[in-house]
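2 protein chains.
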Amino acid sequence: MNGAQALIRTLVDAGVNVCFANPGTSEMHFVAALDQVPEMRGVLCLFEGVATGAADGYARISGRPAATLLHLGPGLGNGFANLHNARRAQVPLINVVGDHASHHKQYDAPLESDIEALAWACSGWVRRSAGPKSVATDAADAVAAASSGRGRIATLILPADACWLEATGPVAPRPASPAPAVDAVRVAELAARLRASQPALMLLGGRSLRERGLRAAARVAAATGARLLGETFPARLERGAGLPPLDRLAYLAEHAQAQLAGLRLLVAIDAAAPVSFFAYPGKASTLSPADCRVELVGGDAEDPVAVLEALAAALGAPTDVPVAPARVPPRPSGTLNAETLAQGIAALLPANTIVVDEANTSGVYLPAYTAGAPRHDWLALTGGSIGIGLPLAVGAALAKPDARVLCLQADGSAMYTPQALWTMARERLDVTTVILANRSYAILNLELMRVGAGAGGAQARDMLDLTRPTLDFVALAQGMGVTASRATNCEELCTQLERSFATRGPSLIEAVLPPLQMPG
Amino acid sequence: MNGAQALIRTLVDAGVNVCFANPGTSEMHFVAALDQVPEMRGVLCLFEGVATGAADGYARISGRPAATLLHLGPGLGNGFANLHNARRAQVPLINVVGDHASHHKQYDAPLESDIEALAWACSGWVRRSAGPKSVATDAADAVAAASSGRGRIATLILPADACWLEATGPVAPRPASPAPAVDAVRVAELAARLRASQPALMLLGGRSLRERGLRAAARVAAATGARLLGETFPARLERGAGLPPLDRLAYLAEHAQAQLAGLRLLVAIDAAAPVSFFAYPGKASTLSPADCRVELVGGDAEDPVAVLEALAAALGAPTDVPVAPARVPPRPSGTLNAETLAQGIAALLPANTIVVDEANTSGVYLPAYTAGAPRHDWLALTGGSIGIGLPLAVGAALAKPDARVLCLQADGSAMYTPQALWTMARERLDVTTVILANRSYAILNLELMRVGAGAGGAQARDMLDLTRPTLDFVALAQGMGVTASRATNCEELCTQLERSFATRGPSLIEAVLPPLQMPG
Chain A
675 MNGAQALIRT
685 LVDAGVNVCF
695 ANPGTSEMHF
705 VAALDQVPEM
715 RGVLCLFEGV
725 ATGAADGYAR
735 ISGRPAATLL
745 HLGPGLGNGF
755 ANLHNARRAQ
765 VPLINVVGDH
775 ASHHKQYDAP
785 LESDIEALAW
795 ACSGWVRRSA
805 GPKSVATDAA
815 DAVAAASSGR
825 GRIATLILPA
835 DACWLEATGP
845 VAPRPASPAP
855 AVDAVRVAEL
865 AARLRASQPA
875 LMLLGGRSLR
885 ERGLRAAARV
895 AAATGARLLG
905 ETFPARLERG
915 AGLPPLDRLA
925 YLAEHAQAQL
935 AGLRLLVAID
945 AAAPVSFFAY
955 PGKASTLSPA
965 DCRVELVGGD
975 AEDPVAVLEA
985 LAAALGAPTD
995 VPVAPARVPP
1005 RPSGTLNAET
1015 LAQGIAALLP
1025 ANTIVVDEAN
1035 TSGVYLPAYT
1045 AGAPRHDWLA
1055 LTGGSIGIGL
1065 PLAVGAALAK
1075 PDARVLCLQA
1085 DGSAMYTPQA
1095 LWTMARERLD
1105 VTTVILANRS
1115 YAILNLELMR
1125 VGAGAGGAQA
1135 RDMLDLTRPT
1145 LDFVALAQGM
1155 GVTASRATNC
1165 EELCTQLERS
1175 FATRGPSLIE
1185 AVLPPLQMPG
Chain B
675 MNGAQALIRT
685 LVDAGVNVCF
695 ANPGTSEMHF
705 VAALDQVPEM
715 RGVLCLFEGV
725 ATGAADGYAR
735 ISGRPAATLL
745 HLGPGLGNGF
755 ANLHNARRAQ
765 VPLINVVGDH
775 ASHHKQYDAP
785 LESDIEALAW
795 ACSGWVRRSA
805 GPKSVATDAA
815 DAVAAASSGR
825 GRIATLILPA
835 DACWLEATGP
845 VAPRPASPAP
855 AVDAVRVAEL
865 AARLRASQPA
875 LMLLGGRSLR
885 ERGLRAAARV
895 AAATGARLLG
905 ETFPARLERG
915 AGLPPLDRLA
925 YLAEHAQAQL
935 AGLRLLVAID
945 AAAPVSFFAY
955 PGKASTLSPA
965 DCRVELVGGD
975 AEDPVAVLEA
985 LAAALGAPTD
995 VPVAPARVPP
1005 RPSGTLNAET
1015 LAQGIAALLP
1025 ANTIVVDEAN
1035 TSGVYLPAYT
1045 AGAPRHDWLA
1055 LTGGSIGIGL
1065 PLAVGAALAK
1075 PDARVLCLQA
1085 DGSAMYTPQA
1095 LWTMARERLD
1105 VTTVILANRS
1115 YAILNLELMR
1125 VGAGAGGAQA
1135 RDMLDLTRPT
1145 LDFVALAQGM
1155 GVTASRATNC
1165 EELCTQLERS
1175 FATRGPSLIE
1185 AVLPPLQMPG
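Line order of the protein sequences matches chains A and B. Numbering-wise, the first sequence is residues 675 to 1194 according to the numbering used here. Numbering-wise, the second sequence is residues 675 to 1194 according to the numbering used here.
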C-alpha cells in the first residue's frame, strides 16, 4: 500500500468519501489510488473554485467534510475565494494540496510557490506531510481538526513522494471530541440579562439556524420579549411553513442600524457582533447602538443550541411557539422583475428544496414571498466573495441526492465559476439554476453612490456594465451540457420552473430582468 | 483631488495607462476616478484570473507594466494562478488590491483576510498604502519596483479611505534605474570557458530571446562551436523566417537529458539551470550531466543581451549568422490531427502574428512546422499553471492593436479562464482563438504512466476525461459574444483560419482532434 492509498483509506474510514478534484501531475498517484479505494467518490471539477465551493455546499448539507484535491500553489490560489467563503461559513472541509516531491522542492521548478502562505490565509489547520509513514496519521488529524468545534478548513500539503512511496497503512479515525457541556452559571446569567434588559434582541447565526435552534430561540423570545433576527448571510437556514419565522439583519448598514436602534442588549448566538459589510465615508462600522451590551454565545467552546434549550428551560418558556403559516402566493403573470420572480419561485417551490442564494440585488423580494412556502433550506454567500452559487449547488445536490436544489444566481457573479454547470451535467445533479440576468454589476451601481463616489461618469459606469456584449446563459449552459431556456415573462418562468422541478438532472433558466432601479 | 485620482494620475504619468479591472465596493472610488483621468484605460474582466493574465500578456508585448484592480483577498486569490505565471515570466506588473478602510479592518467584516500573505506569495514588492498622503508616492514606487531589473510584480494594497480622502496630488515618475554595465572580466572569463570547454551549450531564456539576443548568441555559437537551445517555456520568443532558428529544451525530462547529454559547459543566459518540471520516482531532478559546469548569466544585475554582444565582440565572431529560410508547408487536406493542425497554421500564419501557445500536448508539431513561417512572436505558459492562454491573448492584443493574435488553446486549460472571451468581444480585439479539442486532460494521461502510477483504472481515467459531457466551445464562445465555428477536417480549419485572419475582431475555431495517442 502506497501513501496515496493509505491516505484515501484513512479518509474513507473517517467518513470522508467525496473528493472534489482538479488534479495535476503531482496528484497522479492520488488519482490512481481512487481505484484501490472505490468507496471514495471522485468528482471532477474543471476549475478549483468549483471544487472548493462544492465542498462547502456538501458540508453545509451533510454536516460532514468533503475533501478537495488541488494542484500546488496555483490550484489552491484558484480555490481560495470559495475557501474564504467556506471559512466564514465555518464548515468542516479538507484540502489535499499536492506538491512537488520533497527532494524536488529545492530546485525551484516552474510550479514552485509558497503553498503554506496561501494555506494559512484560508485554513484553521495546516500541515505538510513529512512522508509516506505519517501520511495516514496526517489524514486522520486533518479530519479531526476539520470536525472540531464549529468546523474549520484543514489543509494537508502532500508531497508527491509521500504518495508514491510505501506506507504503513491506514490509521483509525480519531475519537470525536465530546460536545461542550452547558455552563449553568452562564445560562442563569444570560437569563437574568434577558429578563432585565429591554429592548433586547437575539441575533441567530451558525448552528442555531436549524429547526432545534430556531424553536429554542423562539421559546426564549416568547418568555422574555426579546426580538429575534437571523444573521445577514446564513450558511444554512431552515425556514418555511411550520418553522418559527425569522427575519434577517439587513445588508445595508443604514437599514441594519434601524433594525437595531434603541437596543440595550444584543445576544449573538453563534454569530459575530454586527458590523457593516464595508466602510463608508463618515459612517460607523459597528451597527448596534453604542450603549447596547453585546453578549457572544457559541463558537468552538459552546454548543449554541444546547445553550438556547437550557435557557428556555431556565426561563420556564412555553414549549409551543408561533410558526410560519403555509402561505403560497398566486402564480404571477405578465412582466418579469425582481418581485414577480420571487412570487413565481414562492408559488412553485417544492417541499424540502435546498435554495442556494447568490441572487444579490435581484433577491430582495425572496425572503418575504417564500416565508410561507413549504419547508426548505436557505444557503447564502457567507464571505462576500461572489462566485459560490453554482459550486455550492453542486455540493448540496451531491450531499442530498433526493432533494431538489434551486440555485438563484446573479449573472455577474455566475461568471466567476460557470464551469460548475459542467459538473452538474456530468454527475446528473437535480439542480435548477435560475440566472437573474439584469446584465450589470447592479450592486456596484448602488455602492458607487453609497460610498459617496457619485453616480459615476461614462468610464466608471462602463466598468459595471455587462451589456457589451450581452451574456447568453442559454448558450453557455448548453455548451457545458446543461439543458437551458430563457424566460422573459412570468408565464415562461413558471412553465420552465415546473418543467425543471419535474425532470431529473440539471437545467438552467435565464430569467431576463430589468436593470436595477436606482434610488432617487 | 482624492487619493484615487492622485494614484491613477501618478500611474499614468509613469506610463501605466491600462488597468485590467474586476472591482468591488471597496474599489468604487478608484472606478469613479477613471473619469477624472481619462488617459487610464479601464478594461473590464469578468474574473480576476483574466485580469492578471491579460496584464502579463500586455507586459510581454509592450515591455511596460499594466495595472490590475482586484477586490480584497479573494480577488487577489482568483488572480493568483496567473500572477504565478507572470512571476515566472518576470514581467513588470502592478496589482492594486482594494481593501477595507483602515478603521474598518479591526471588525473582521466578512471579506477580511490576510491580503499580505497572498501578495508576498506572488509578488516581488508589496506595500500597504498608509493613507491618502502617501498613496501617490506608493504608486510611483510600485512602478519603479515593477520595472527594475528583469521586471517583477508589485502589489499595492489600497485601503478604501486612502482613495476617498483628500490627497496631496500626483508625484513624478521615479528616474529609471541605469542599465547594468557589462563586466569585461566576466566576459573574458566566459569567452575563455566557451573556447576551452567542448561540448558546450548556451541555454537562452528571458530577454535574450528577442532578435538582438538571438543574433548575438548565434554569433557566439558560430565563433565557439557551442550549441544553442531556448528555454522550454519562453515568455516571448521572436522566431520565423529571417531570424536565427532556435530549438527549445524539451518538456519531458528524459528528452531534455538526451539533449544535454555529454555537455561539459552549459551557459544559461537569463534562464534557470535546467531542472525537471516535476519529479518522478527514481529519476533525477537536474537535467544536465553531473560533471557539466553551469554558468548563469543575466538576472537583475546583468543585461544578458549586452553580455552576449560583448562576448561576440571579444570572440571576434562573424557578424553574419545563419537564419531560418522562409519555408511554408503546403495547405493540408483531409484528417485533422495535431500534425495537420500545425501544418495548416504554418501554411496560413500572417506576418507579425503574436502566437499564444497553451496548446500543451496538441502542440508538439507546431515549432517544426512554423520554423520558416513569416516572422512572429511566441508566448508560452511560463509557470505551468494552465489557464493563461485566453487572458494572455487579451493583453497581447491590447498592447499591439495592429497585430493579429493567434491563441492556440488546449480545451481542458481553456476552461480555467473562459471569461476572457467576453473581454475579447467587448474590446473588439483581433484575436483568433483555436481550441485544440482532444476532449481530455491528455497531458495527465501521459503523466499518469510516467510517474509510475500505471494507466489507471476506471475511476482514475474518469478523472482525466472531458467527454462526459463534451464541451461545446462554439456555444461557449457565442454565449460570450464571440463569433465561432467548428473545424473537423483540414479544409474547414484552413477556410476558417483564413476568414478569421481577414476579419477584424475576435473569433474562435474549435478544432476537433483525435485523442492523444499513448506511447506503447
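In this text, a Cβ means the ideal position worked out from N, Cα and C, and glycines have one as well.
- By the Cβ neighbour-count rule, S1007(B) is exposed, with fewer than 16 other Cβ atoms within 10 Å of its own.
- When DSSP assignments are scanned along the stretch 677-764 of chain B, the uninterrupted stretches of beta strand (DSSP E) that are 3 or more residues long and fall wholly within it turn out to be 692-695, 715-718 and 741-745.
- Between V949(A) and E969(A) a beta carbon distance of about 16 Å is seen, past the 8 Å cut, so the two are scored as non-contacting.
- Taking a Cβ-Cβ threshold of 7 Å, the residues of chain B close to E1121(A) are T699 and M702, in chain order.
- Only those residues of the stretch 795-811 of chain A whose C-beta falls short of 8 Å from the nearest C-beta of chain B are listed: A795 and C796.
- No Cβ-Cβ contact shorter than 8 Å links V765(B) with L830(B).
- Within the stretch 1059-1077 of chain A, the residues whose Cβ lies closer than 7 Å to any Cβ of chain B are, in chain order, S1059.
- When C-alpha distances from R893(B) are compared across A986(B), S962(B) and G914(B), the shortest belongs to A986(B).
- For N1034(B), the nearest beta carbon of chain A is not closer than 8 Å to its own beta carbon.
- A residue is called buried once 16 or more other Cβ atoms fall within 10 Å of its Cβ, and S851(A), having fewer, is exposed.
- Under the three-state reduction of DSSP output, A1054(A) falls in the strand class.
- A Cβ of chain A is located within less than 8 Å of the beta carbon of P748(B).
- The residues T684, A688, V845, A846, P847 and R848, in chain order, have a CB closer than 8 Å to that of A814(B) in the same chain once the five nearest residues on each side in sequence are set aside.
- L1015(A) sits away from V1186(A), with the two beta carbons spaced by 8 Å or more.
- Taking 8 Å as the CB threshold, R1100(A) lines the interface with chain B.
- Between the stretch 996-1003 of chain A and the stretch 911-928 of chain A, the count of Cβ pairs shorter than 8 Å is three or higher; the stretches touch.
- With fewer than 16 other CB atoms across the displayed protein chains lying within 10 angstroms of its CB, G956(A) is exposed.
- Non-local C-beta neighbours of H758(A) in its own chain, meaning closer than 7 Å and more than five positions away in sequence, comprise C796, G1057 and S1059, ordered along the chain.
- Using a Cβ-Cβ cut-off of 8 Å, V1105(A) does not count as an interface residue toward chain B, since no Cβ of chain B sits closer than that to its own.
- With fewer than 16 other Cβ atoms from the protein chains shown falling within 10 Å of its own Cβ, V859(B) counts as exposed.
- Taking a Cβ-Cβ cut-off of 8 Å, W1052(A) has no neighbours in chain B, whose nearest Cβ is about 17 Å from it.
- A Cβ of chain A is located within less than 8 Å of the beta carbon of G1126(B).
- Annotation: the continuous beta strand (DSSP E) that includes S1159(B) extends over T1157 to A1161.
- DSSP, reduced to helix, strand and coil, places T1107(B) within a strand of the structure shown.
- For Q931(B), the enclosing alpha helix (DSSP H) starts and ends at A927 to L934.
- Taking a Cβ-Cβ cut-off of 8 Å, the neighbours of T1056(A) in chain B comprise P784, given in sequence order.
- Secondary structure in the stretch 769-818 of chain A: the beta strand (DSSP E) runs of 3 residues or longer, each lying completely within the stretch, are 799-802 in chain order.
- CA-CA distance, R1173(B) to G731(B), rounds to 25 Å.
- At a cut-off of 8 Å, the C-beta of Q1133(A) has a neighbouring C-beta in chain B.
- If you check the CB distance, L1082(B) and A1033(B) come in under 8 Å.
- Judged by DSSP in its simplified three-state form, E1032(B) adopts strand.
- Under the 8 Å criterion on CB atoms, L708(B) is classed as interfacial with respect to chain A.
- Residue-level contact check: F951(B) touches chain A, since one or more beta carbons of chain A fall below 8 Å from its beta carbon.
- Against chain A, a Cβ distance below 7 Å from Q1152(B) picks out D1146 and A1149.
- For A1099(B), the closest of R1178(B), P1188(B) and D1031(B) by C-alpha to C-alpha distance is R1178(B).
- Assignment of R922(A) by DSSP, reduced to helix, strand and coil, places it in the strand class.
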